[in-house]
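Start counting at 1 in the sequence shown, then tack on 56, and there's your number in my numbering.
Structure first, then comments.
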Amino acid sequence: MDVIVSRSGGFAGLRRVWRINVDAQPDERAWHDLLGSLDWDDRPRAATTPAGRPDRFVYEIRVQTHTVRLGETELDGAWRELVDRVKRAQPR
């Protein structure tokens, strides 16, 4: 199962994408537990540019049929953990 995290916005307006296959990770069970803990249906969709914050990042997280967009100030708890883990796990 692929997890795709993309980050757009910021001062330079650059887009960055990280993608991993959780089934190929040595701690696959932990990945599935983390993904299962996320509340995909109860997150508001972030605007492309958060109001009043034109230089902030917006994250889009995609897993199978689920997609959520969160402004960097909304990225907390398990969502922050997921983004950080995907960024660390992607081979360079």
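Beta carbons: idealized from backbone N, C-alpha and C, even for Gly.
Just the Cα atoms here: how many angstroms apart are Ile-76 and Ala-145? Start at 1 with the first residue of the sequence shown, and residue 76 comes out as number 20. Start at 1 with the first residue of the sequence shown, and residue 145 comes out as number 89. A straight line joining the alpha-carbon of Ile-76 with that of Ala-145 spans about 7 Å.
Here's the rule I'm using: 16 or more other beta-carbon atoms within 10 Å means buried, otherwise exposed. How should Val-139 be labelled? What you label residue 139 is simply residue 83 of the sequence shown in a count that begins at 1. Counting Cβ neighbours within 10 Å, Val-139 comes out buried, since at least 16 surround it.
Excluding the five sequence neighbours on either side, which residues of its own chain have a C-beta within less than 7 Å of the C-beta of Val-142, listed in chain order? Walking along the sequence shown from the start, residue 142 turns up at place 86. So the list reads Val-59, Val-61, Trp-74 and Ile-76, once near-sequence residues are dropped.
What residues match up with Leu-126 in a beta bridge as DSSP calls it? Indexing the sequence shown from 1 puts residue 126 at position 70. For Leu-126, which the question treats as bridged, DSSP gives the partners Tyr-115.
Is any heavy atom in the ligand FMN found nearer than 8 Å to the beta carbon of Trp-87? The ligand FMN is absent from the structure shown, which contains no ligand whatsoever.
So Asp-89 is in the alpha helix (DSSP H); what residue range does that whole segment cover? On the sequence shown, position 33 is the one that residue 89 refers to. The continuous alpha helix (DSSP H) containing Asp-89 extends over residues 84-93.
What do you get for Leu-70, buried or exposed, if any count of 16 or more other CB atoms within 10 angstroms of its CB means buried? The residue you call residue 70 lines up with position 14 of the sequence shown. Looking at its Cβ environment, which holds fewer than 16 other Cβ atoms inside 10 Å, Leu-70 is exposed.
Helix, strand or coil for Gly-69 per DSSP? Translated into positions along the sequence shown, residue 69 becomes position 13. Looking at Gly-69 - three-state DSSP - the assignment turns out to be coil, as it is neither helix nor strand.
Going by the CB atoms, is the gap between Thr-129 and Arg-118 shorter than 9 Å? The sequence position of residue 118 within the sequence shown is 62, counting from 1. The sequence position of residue 129 within the sequence shown is 73, counting from 1. Not closer than 9 Å, so no.
Given that a residue counts as buried once 16 or more other Cβ atoms are within 10 Å of its Cβ, and exposed if not, what is Gly-92? Locating residue 92 in the sequence shown gives position 36, counting from the first residue. Per the 10 Å Cβ criterion, exposed.
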